[in-house]
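Here the structure is laid out as structure tokens; the discussion comes afterwards.
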Amino acid sequence: MSQSSPSLADLAALLERRRSCRAFLERPVPRADLERILTAARQAPSGANLQPGRFHVLAGAPLAGFCDAMAAAAEGPAEPPEYGYFPQPLPPELKARQRAAGYALYAALGIDRRDLAGRRAQFAANYRFFGAPVAIVVTIRRDMGAGCYMDLGMALMALMLAAEAAGYGTCGIGALAQYGRAAHRALALPEEELVVCGIALGHPDPEAPVNRVRTERAPLGGYASFRGWPGEVPE
Ligand SMILES: Cc1cc2nc3c(=O)[nH]c(=O)nc-3n(C[C@H](O)[C@H](O)[C@H](O)COP(=O)(O)O)c2cc1C
Numbered sequence: 150m151s152q153s154s155p156s157l158a159d160l161a162a163l164l165e166r167r168r169s170c171r172a173f174l175e176r177p178v179p180r181a182d183l184e185r186i187l188t189a190a191r192q193a194p195s196g197a198n199l200q201p202g203r204f205h206v207l208a209g210a211p212l213a214g215f216c217d218a219m220a221a222a223a224e225g226p227a228e229p230p231e232y233g234y235f236p237q238p239l240p241p242e243l244k245a246r247q248r249a250a251g252y253a254l255y256a257a258l259g260i261d262r263r264d265l266a267g268r269r270a271q272f273a274a275n276y277r278f279f280g281a282p283v284a285i286v287v288t289i290r291r292d293m294g295a296g297c298y299m300d301l302g303m304a305l306m307a308l309m310l311a312a313e314a315a316g317y318g319t320c321g322i323g324a325l326a327q328y329g330r331a332a333h334r335a336l337a338l339p340e341e342e343l344v345v346c347g348i349a350l351g352h353p354d355p356e357a358p359v360n361r362v363r364t365e366r367a368p369l370g371g372y373a374s375f376r377g378w379p380g381e382v383p384e
């Protein structure tokens, strides 16, 4: 990508290249790289420039301790989640997308649909950030409104793209919010901070089949509508 003036084609290529990474090399990530990535992500816009959210970046012993605490919590009884992620029940067309993404993931991992133990193990791997050398725990003040989650989402996307451009892989981990209380205890987070999600970050393992999962996207016509131009929206 050119340094001075990236084109839409450059950005589209970066967006296309970014896919969730769920297997990482053990290579450590220099703190300077993380600071550069977060500095870039900080440019995301936000309503009234509130810049809501905090990024708690963990590596080394603090990460190992956090993973142990989260893995132990996830083996125990379910906790009330920090917030509702999905509508219950999911509308059928969204359920179909969720299923397709799940099947693609399990197929890449060689886990049969009926292999409950295999699926459970993959779910548990969320709480070890898929072995990534860096975990980012993303929080937001509990009293923030829906718009602030939109702002935080933009910062998350900016972070993922910045990481991708810097040669790192990432995966969002919404599963973290299912054990938000445990995350609070492990990191001694202030009560007013709500755990939104985690992000695993590191050098992607190029040999891992799970990193070859490709998810589909809805056709443009199901995503956008155009008024004031003739013609149908292309697939
Ligand atoms: C906020 C957020 C939370 C996510 N949570 C999880 C998760 O808990 N576990 C997981 O394996 N993938 C998780 N993902 C990855 C999504 O499943 C993935 O982004 C989606 O299927 C599209 O695939 P792609 O990222 O490869 O394009 C999450 C992604 C985002 C953006």
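Just add 149 to the spot in the sequence shown (first one is 1) and you have our numbering.
Yeah, the Cβ is synthetic: ideal placement off N, Cα and C, and Gly gets one too.
Query: Ranges of the beta strand (DSSP E) found wholly within the stretch 292 to 323, counting only runs of at least 3; Result: 318 to 322
Query: Local conformation of residue 150 per DSSP, three classes; Result: Because residue 150 carries a pLDDT of 49, less than 50, the predicted location of this residue cannot be relied on, and the following value inherits that uncertainty. If DSSP states are grouped into helix, strand and coil, residue 150 belongs with coil.
Query: Rounded distance between the beta-carbons of residue 187 and residue 297, thought under 8 Å; Result: That belief does not hold up - the Cβ atoms of residue 297 and residue 187 are roughly 18 Å apart, past 8 Å.
Query: For residue 346, the three-state DSSP class (helix, strand or coil); Result: strand
Query: Proximity test, residue 324 beta-carbon vs ligand 1 heavy atom, cut-off 7 Å; Result: yes
Query: Separation of residue 323 from residue 292, as counted between CA atoms; Result: 19 Å
Query: Span of the beta strand (DSSP E) around residue 373; Result: Careful: residue 373 lies outside any beta strand (DSSP E) and carries neither H nor E.
Query: Classification of residue 176 by the beta-carbon crowding that lies within 10 angstroms, buried from 16 upward; Result: exposed
Query: Whole runs of the beta strand (DSSP E) within the stretch 239 to 297, excluding any shorter than 3 residues; Result: 283 to 290
Query: Nearest neighbour of residue 180, chosen from 282, 239, 262 and 155 [CA to CA]; Result: 282
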